[in-house]
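Chains as they are written, first to last, in the working numbering: chain A, 1 to 282; chain B, 1001 to 1189.
Glycine included, each C-beta is placed from N, C-alpha and C at the ideal position.
First the structure, in the form of structure tokens, and then the observations on it.
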């Protein structure tokens, strides 16, 4: 709402009505201002000129961004058969988007490795209960997982691509549903939470790989932190969709959760479910 | 907003790729200007510009021609920037803008132009987000008060007073607060 004028002609910030009138007149939105505002109007007009003298975009940015927009449009309007193989520019929208994409692919690859590790450890755990059954079922479980083209490609050599990440997405969510949320601690902003989660997932994936590479699982204890001992967890706020929570953290004292939804990994405000950051290419 | 060849908009609305490309190339510097001033940071501006181009390309079939194509594109670009601002509200603006390079003593030159731009960037960064937004929407995007009011969801009177306040603060900030830039107006009695 407009600040009510005060008896001395100024508002609560000391802004004189004459100045408001002069500013409006400068924009062609009011009658001529009093002459004693002429100097200010001249200065404000010069400032407007400086504001419009915008530094040019970096060389080549326009070409890249127009090409990326056209490629994205093509991929969205193409028949489904063509849509399955998007062209590279779709995911190379900008430097920042490219960084996000790298984080996403790293996180997805790490998650895929964790799936392999979790399934492997799970099979080994079952083996402790029923050794004979486990010996029969374990190879099947692992084979089923690793025979998945996308998962195998992303986990085995870390060379997950944008195309394969689409296939990995649901498994990424499944990983979140099975794993206990990791407490990532305090962070200055949501983007660093994502980085921390990615790093954490990679570390846990490495630990799991070590376990699954052993011929025998430990008899007791020493279970990897990503084993499915904790019940599935969902975002706690009522407004949040029931997506698996991968990790929890605080940003500026505000509780946030890291969630997986298809191919996206996002940081949400735990209280409002507002999306604060995402690793997914938009 | 001109220089767009006749027929481009209609062809673009019908999905002609060459026309869409021509339109996006025409829009890019305008969207960049709004984003660069509103977001200050170049990377953020690049992201918002990209989002604006995508939104324009996707929204073309829905453009009904009731407003000029330039106005519509500005509106889309502005919304992309406002979205970017909302997404990144919790991230502080770059603070190294105050670490300005030494100004050349040899008179106006490239160094001075760069220095002037850094001065303005730093002053813009110091401006409150509300004030920066309204100033850029008016001065760079060229929206009138009614359009700004609609975009920001505030009354026109608020646009009017907030814009005056933004100008005053930016003028004072550019001058580093050393010299008052507001008119020497005697309070009315």
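Which residues of the region 1007 to 1037 of chain B have a Cβ closer than 8 Å to any Cβ of chain A? Give them in chain order. Within the region 1007 to 1037 of chain B, those residues whose Cβ lies closer than 8 Å to any Cβ of chain A are, in chain order, 1015, 1017, 1020, 1021, 1024, 1025, 1028, 1029, 1032, 1033, 1036, 1037.
Does the ligand SAH have even one heavy atom less than 6 Å from the beta-carbon of residue 63 (chain A)? Within the structure as shown, the ligand SAH is missing, as the structure has no ligands at all.
Hey, does residue 1137 (chain B) have any beta-carbon neighbour from chain A nearer than 7 Å? Not an interface residue.
For residue 1054 (chain B) and chain A, any beta-carbon pair shorter than 7 Å? For residue 1054 (chain B), the answer is yes, since a Cβ of chain A falls inside 7 Å of its Cβ.
Answer with yes or no whether the minimum CB distance from residue 23 (chain A) to chain B is below 7 Å. Yes, contact with chain B.
Which of helix, strand or coil does DSSP assign to residue 1119 (chain B)? Helix.
Taking its Cβ as the centre, do 16 or more other Cβ atoms sit within 10 Å of residue 1044 (chain B), making it buried, or is it exposed? Taking every protein chain shown into account, the CB of residue 1044 (chain B) has 16 or more other CB atoms within 10 angstroms, so this residue is buried.
Nearest to residue 270 (chain A) (by Cα), restricted to the options A:279, A:256, A:190, A:276: Of A:279, A:256, A:190, A:276, the residue nearest in Cα terms is A:256.
Would you kindly check if the distance between the Cβ of residue 258 (chain A) and the Cβ of residue 246 (chain A) is under 7 Å? Yes, the Cβ-Cβ distance between residue 246 (chain A) and residue 258 (chain A) is below 7 Å.
Using CA coordinates, which residue listed in B:1120, B:1031, B:1033 is at the minimum distance from residue 50 (chain A)? Considering only B:1120, B:1031, B:1033, the residue with the shortest C-alpha distance to residue 50 (chain A) is B:1120.
Please report the straight-line C-alpha distance between residue 265 (chain A) and residue 198 (chain A), rounded to a whole angstrom. Near 10 Å, if we compare the C-alpha coordinates of residue 198 (chain A) and residue 265 (chain A).
Drop a sphere of 10 angstroms on the beta-carbon of residue 1133 (chain B), count the other beta-carbons inside from all chains shown, and report buried for 16 or more, exposed for fewer. Buried, because 16 or more other Cβ atoms sit within 10 Å of the Cβ of residue 1133 (chain B).
Min CB distance residue 29 (chain A) to chain B below 7 Å: The C-beta of residue 29 (chain A) comes closer than 7 Å to at least one C-beta of chain B.
What are the boundary residues of the beta strand (DSSP E) that includes residue 1133 (chain B)? Where residue 1133 (chain B) is concerned, there is no enclosing beta strand (DSSP E), although the alpha helix (DSSP H) it sits in stretches over 1129 to 1139.
To the nearest angstrom, how far is it from the Cα of residue 250 (chain A) to the Cα of residue 201 (chain A)? If you take the alpha carbons of residue 250 (chain A) and residue 201 (chain A), they lie about 18 Å apart.
Counting only Cβ pairs nearer than 8 Å, list the residues of chain B close to residue 256 (chain A). Under the 8 Å cutoff, chain B gives no residues; its nearest Cβ is about 10 Å from residue 256 (chain A).
Can you pull the chain A residues whose beta carbon is under 7 Å from the beta carbon of residue 1049 (chain B), in chain order? The contacting residues are 65.
Tell me where the beta strand (DSSP E) around residue 187 (chain A) begins and ends. Per DSSP, the unbroken beta strand (DSSP E) holding residue 187 (chain A) starts and ends at 182 to 187.
Proximal residues to residue 156 (chain A) (C-beta, below 6 Å), its chain only, five neighbours per side dropped: Note on residue 156 (chain A): pLDDT 33, under 50, position unreliable in the model; no value is reported.
Residue burial classification, residue 183 (chain A) (beta-carbon count within 10 angstroms, cutoff 16): Residue 183 (chain A) comes out exposed.
Can you confirm whether residue 1160 (chain B), when its beta carbon is compared against all beta carbons of chain A, has any partner nearer than 7 Å? Residue 1160 (chain B) counts as touching chain A.
What residues in its chain sit with their C-beta under 7 Å from that of residue 1174 (chain B), if we drop five residues either side in the sequence? Only 1119, 1120, 1123 meet the Cβ criterion.
Contact between the region 1029 to 1036 of chain B and the region 39 to 46 of chain A is defined here as three or more beta-carbon pairs at a separation below 8 Å; is this criterion met? When C-beta atoms of the region 1029 to 1036 of chain B are compared with those of the region 39 to 46 of chain A, fewer than three pairs fall below 8 Å, so the two segments do not count as touching.
Where does residue 251 (chain A) sit, in a helix, a strand or coil, going by DSSP? Looking at residue 251 (chain A) - three-state DSSP - the assignment turns out to be strand.
Output yes if chain B places a C-beta closer than 7 Å to the C-beta of residue 311 (chain A); else output no. Examination of residue 311 (chain A) is not possible in this model, given that chain A is present from 1 through 282 alone.
Does the CB of residue 1141 (chain B) have a neighbour CB from chain A at under 7 Å? Look at residue 1141 (chain B): its C-beta is not under 7 Å from any C-beta on chain A.
Tell me which same chain residues have a C-beta within less than 8 Å of the C-beta of residue 1051 (chain B), skipping the five on either side of it? Short of 8 Å from the beta carbon of residue 1051 (chain B), and not among the five residues preceding or following it, lie these beta carbons of its own chain, in chain order: 1080, 1083, 1084.
Between which residues of its own chain and residue 1013 (chain B) is the CB-CB distance below 7 Å, once the five residues before and five after are set aside? These residues qualify, in order along the chain: 1060, 1061, 1063.
Residue 60 (chain A) versus residue 1042 (chain B): straight-line alpha-carbon distance, rounded: About 14 Å.
Would you give the residue range spanned by the beta strand (DSSP E) that residue 1011 (chain B) belongs to? Per DSSP, residue 1011 (chain B) belongs to no beta strand (DSSP E); it is in the alpha helix (DSSP H), 1008 to 1013.
Kindly indicate which residue of B:1066, B:1073, B:1036 has the alpha-carbon position closest to the one of residue 58 (chain A). Shortest Cα-Cα distance from residue 58 (chain A) to any of B:1066, B:1073, B:1036 involves B:1036.
So residue 1158 (chain B) is in the alpha helix (DSSP H); what residue range does that whole segment cover? Start and end: 1156 to 1174.
Going along the chain, which unbroken runs of the alpha helix (DSSP H) with 4 or more residues stay wholly within the region 1045 to 1088 of chain B? Those alpha helix (DSSP H) runs which fall completely within the region 1045 to 1088 of chain B and span 4+ residues are 1069 to 1087.
Own chain partners of residue 267 (chain A) with C-beta closer than 7 Å, once the 5 adjacent residues on each side are dropped: Counting only residues of its own chain and dropping the five nearest sequence neighbours on each side, residue 267 (chain A) has a CB closer than 7 Å to the CB of 190, 193, 194, 256, 258, 276, 277.
For the putative contact between residue 1146 (chain B) and residue 1136 (chain B), defined by C-beta atoms under 8 Å, what is the C-beta separation to the nearest angstrom? About 17 Å separates the beta carbons of residue 1146 (chain B) and residue 1136 (chain B), which is beyond the 8 Å limit, so they are not a contact pair.
Measure from the alpha carbon of residue 1125 (chain B) to the alpha carbon of each residue in B:1150, B:1040, B:1006, then state which is nearest. The shortest C-alpha separation from residue 1125 (chain B) is found at B:1040.
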